[in-house]
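S.K.:
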Amino acid sequence: MKTDVSVVVGVGGMGRAVAARIGSGRHLFLADFDERLLTEAAAQFTEQGFEVSTHQVDAGDPASVAELAAAAAATGPIRHLVHTAGVSPVKASTEAIVRVDLCGVAYVLDEFAPLMARGAAGVVIASMAGHLAQLTAEQETALAATPTAELAGLPFLNPEPALHPMLAYPIAKRGATIRVQAAAGAWGRSGARVNSISPGVISTAQGRDELAGESGARMRQMIEQSATGRIGTAEDIAAAATYLLDPASSFVTGTDLLVDGGVVATMRAAMRG
Ligand SMILES: NC(=O)c1ccc[n+]([C@@H]2O[C@H](COP(=O)([O-])OP(=O)(O)OC[C@H]3O[C@@H](n4cnc5c(N)ncnc54)[C@H](O)[C@@H]3O)[C@@H](O)[C@H]2O)c1
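Okay, so the sequence shown: first residue is 7 according to my numbering, each after it adds one.
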């Protein structure tokens, strides 16, 4: 009998923290765009005793994601799918953000839905920024219902003339949570669940880039004024993902868990105050 497979797409800070928690006794199937990071992560996990394989993928390319899903399914029954691949508004263009952070999530949700084992679970990493996005009801409906191949063509995602990456990122991340909600039914038909996590500021490569960027001062202020007053760790996200991937959450699907140290709660309370 083949070993159950835990697929982790994106082996940056969060991907590795989740992999370390779920990979024991399973086949860790690691995927990323960056081959250097993949090799490094595979060496780290192999040394720690995990059974590992790697697959290079471009999450923003539907053919590449289809190949990834087929390769993972050929390895064994897929028990977990953890999608952490993403690009940051500090470094990426609006086009790349829409392509990877929104369309990439939609490709992964579509391709893995029919391949998940019964009782399996998926987690997609979105962002606290999605909770702060200002979208109309029509835009939210479009993000939920537009066929995946047409998503990038939605007029309000058009980078020209003025959709700055800092505005595109919250929309893409809100779109990711909406896609997860919309995909829960299809995942349920395979006997699987899927949820998203919206992290606050987490001290990974991406989080540190954002703190060093033009909105860093504002982010630090948001953290200081939050309910916990601290930056998050990849472990904070891994703990939440572990719950959503475990049978303990077998009645939880199609929802988003905001894991932000209380940033959004304190901002909302201040606005209403
Ligand atoms: N760190 C934060 O503060 C923060 C906050 C909210 C949300 N997020 C989101 O969390 C997720 C994980 O980020 P992280 O903090 O671990 O950052 P990270 O930069 O450490 O990891 C992201 C990984 O995604 C990979 N990647 C990028 N584009 C890809 C593509 N097209 N195909 C495949 N892989 C690709 C990168 O190579 C990298 O390994 C991302 O989606 C990010 O947007 C991060």
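Heads up, the beta-carbon is just placed ideally off N, CA and C, and yes, glycines get one too.
What are the uninterrupted segments assigned as beta strand (DSSP E) that are 3 or more residues long and contained completely in the region 91-144, given in chain order?
M.R.: Correct list: 122-131.
S.K.: Measuring CB to CB, does VAL111 end up less than 8 angstroms from HIS86?
M.R.: Cβ atoms of VAL111 and HIS86: not closer than 8 angstroms.
S.K.: How many angstroms separate the CA atom of VAL15 from the CA atom of VAL129?
M.R.: Each residue's Cα considered, the two are about 10 angstroms apart.
S.K.: How about LEU263 and ILE203: do their beta carbons lie closer than 8 angstroms?
M.R.: Cβ distance < 8 angstroms, so LEU263 and ILE203 count as in contact.
S.K.: Using DSSP's beta-bridge definition, name the partner residues of LEU87.
M.R.: In DSSP, LEU87 forms a bridge with VAL13, GLY128.
S.K.: Please classify HIS170: is it buried, with 16 or more other beta-carbons within 10 angstroms of its beta-carbon, or exposed?
M.R.: With fewer than 16 other Cβ atoms within 10 Å, it is exposed.
S.K.: Inspect the beta-carbon positions of ALA123 and ILE84 and report whether they are closer than 8 angstroms.
M.R.: In this structure, ILE84 lies closer than 8 angstroms to ALA123 by Cβ.
S.K.: So, at 7 angstroms on beta carbons, what are the nonlocal neighbours of VAL11 in its own chain, with the 5 sequence-adjacent residues on each side left out?
M.R.: Contacts found: ARG32, HIS33, PHE35, ALA78, THR81, GLY82, PRO83, ILE84, ARG85.
S.K.: From the DSSP secondary-structure annotation, give me the bridge partner or partners of ASN201.
M.R.: Partner(s): VAL129.
S.K.: Beta carbon of PRO205: closer than 7 angstroms to some heavy atom of ligand 1?
M.R.: Answer for PRO205: yes, Cβ within range of ligand 1.
S.K.: From ALA198 to ARG180, what distance separates their C-alpha atoms?
M.R.: Rounded to the nearest angstrom, the two C-alpha atoms are 22 angstroms apart.
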